[in-house]
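Under our numbering, the first residue of the sequence shown is numbered 236, with each subsequent residue one higher. The C-beta atom is built at its ideal place from N, Cα and C for all residues, glycine as well. Reviewing the structure listed below.
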Amino acid sequence: MQLRADSFSTAYAWHEDFVQLEEANKLADITLSELTAGIAHEMQNSLNFVTNFSEVSTDLGLSLRYDIITKGYGGTLTVERRDGQGAEFDLTLPHA
């Protein structure tokens with residue numbers, strides 16, 4: 236678990252104010268926020284209701300991340316869009 240936390244800390248060091256890591260109930264809950272215009276509302280709804288991001292997205296990176304988190308680690312990945320304020324990605328991973 237520490238290796239995963241270190242990876243996120245290093246990768247997002249310059250976004251320090253926008254990354255949160257909480258450990259509870261043997262789960263790591265990682266929240267990543269971005270401050271751009273965000274994800275189109277139509278896309279965000281699709282992301283929340285499909286089991287495979289590649290069904291609605293051509294973004295191979297997001298699809299691979301989803302598969303790694305959910306199938307590889309048994310975690311979850313959700314997206315919350317905030318109009319004009321970016322989006323928030325919430326990753327939950329079980330402790331190793």
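Assigned secondary structure, glycine 307 (DSSP; H/G/I helix, E/B strand, else coil): helix
Glycine 321: first and last residue of the uninterrupted beta strand (DSSP E) it sits in: 321–329
Check whether tyrosine 308 and proline 329 have beta carbons under 8 Å apart: yes
Proximal residues to glutamate 315 (C-beta, below 6 Å), its chain only, five neighbours per side dropped: Contacts found: Glu323.
Residues bridged to serine 298 (per DSSP): Serine 298 is not bridged to any residue.
Residue from Thr305, Thr311, Glu269 whose Cα sits closest to the Cα of glutamine 320: Glu269
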